[in-house]
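Peer 1: My questions will all concern the structure given below.
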Amino acid sequence: MGRGRTQRTALTIALALALASCGRADDGAEVAGTEVTAPSTTAPAPTTVPPPPTTVQVNYVVQSGDSLSVIASRFGVSTQALADFNAISDVNSIVVGQELSIPPTTVATSSTTVAG
Numbered sequence: 148m149g150r151g152r153t154q155r156t157a158l159t160i161a162l163a164l165a166l167a168s169c170g171r172a173d174d175g176a177e178v179a180g181t182e183v184t185a186p187s188t189t190a191p192a193p194t195t196v197p198p199p200p201t202t203v204q205v206n207y208v209v210q211s212g213d214s215l216s217v218i219a220s221r222f223g224v225s226t227q228a229l230a231d232f233n234a235i236s237d238v239n240s241i242v243v244g245q246e247l248s249i250p251p252t253t254v255a256t257s258s259t260t261v262a263g
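Now the structure itself:
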């Protein structure tokens, strides 16, 4: 057996072993007990992950033209929650310059898209 033939035989054996480890024999037949699955060609849909909630405490000074409902809407809270949090019994009685505490809320500032 010549040196070239020995190298070809070694290469053939290495190739057969490599193919067998992938679940295929050198003739393309499946190796018993293995299953070969082609990788998916479509990427999974991205998943939207909300950011962690942030608790925010804000104070607001009433400006000319403000109403409790406008301020509540601006900060994403109900008018009643804003009134209750500031011990305001009449939602129509706020005055310019009055400082209001905005109830802490869960604020989601943005969302993150993660490809899965």
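Taking my numbering, the leading residue of the sequence shown gets 148, the next gets one more, and so forth.
Every residue gets a Cβ at the ideal spot worked out from N, C-alpha and C, and that includes glycine.
#1: To which residues of the same chain is I241 closer than 6 Å at the C-beta, ignoring the five residues directly before and after it?
#2: On the criterion of 16 or more Cβ atoms from any shown chain inside 10 Å, does I160 qualify as buried, or is it exposed?
#3: In terms of residue numbering, what span does the alpha helix (DSSP H) encompassing S220 cover?
#4: If we ignore side chains and look at the alpha-carbon of each, how far apart do S236 and L229 end up?
#5: Is it true that the CB of V217 sits closer than 8 Å to the CB of I249?
#6: Which same chain residues, not among the five before or five after T226, have their C-beta less than 7 Å away from its C-beta?
#7: Helix or strand or just coil, what does DSSP make of T260?
#8: In chain order, what residues of the same chain lie with their CB nearer than 8 Å to the CB of N233, ignoring the 5 residues before and after it?
#9: Could you tell me the boundaries of the alpha helix (DSSP H) in which D237 lies?
Peer 2: Considering the structure as presented:
#1: Numbered from 1 along the sequence shown, position 94 holds the residue referred to as residue 241. The beta carbon of I241 sits closer than 6 Å to the beta carbons of V209 and L215 from its chain, once the five residues preceding and following it are set aside; these are given in chain order.
#2: Counted from its first residue, the sequence shown places residue 160 at position 13. It is exposed - the Cβ of I160 has fewer than 16 other Cβ atoms within 10 Å.
#3: Mapped onto the sequence shown, residue 220 falls at position 73. Run containing S220: L215 to R221, per the alpha helix (DSSP H) assignment.
#4: Position 89 of the sequence shown, counting from 1, holds the residue named residue 236. Position 82 of the sequence shown, counting from 1, holds the residue named residue 229. Answer to the nearest angstrom: the Cα atoms are 11 Å apart.
#5: Here residue 249 is taken as the residue at index 102 of the sequence shown, counted from 1. Here residue 217 is taken as the residue at index 70 of the sequence shown, counted from 1. No, Cβ-Cβ distance for I249 and V217 is not below 8 Å.
#6: Against the sequence shown, residue 226 aligns to sequence position 79. Excluding positions up to five away in sequence, the list reads L215, S216, A219 and V238.
#7: On the sequence shown, residue 260 is found 113 positions in, with the first residue counted as 1. Only weak support exists for where T260 lies, its pLDDT of 43 falling under 50; the value from the coordinates is given anyway. Strand.
#8: Here residue 233 corresponds to residue number 86 of the sequence shown, with the count starting at 1. Cβ neighbours of N233 beyond the five flanking positions: L247 and S248.
#9: The count along the sequence shown starts at 1 and reaches residue 237 at position 90. Unbroken run through D237: none, as it is neither H nor E.
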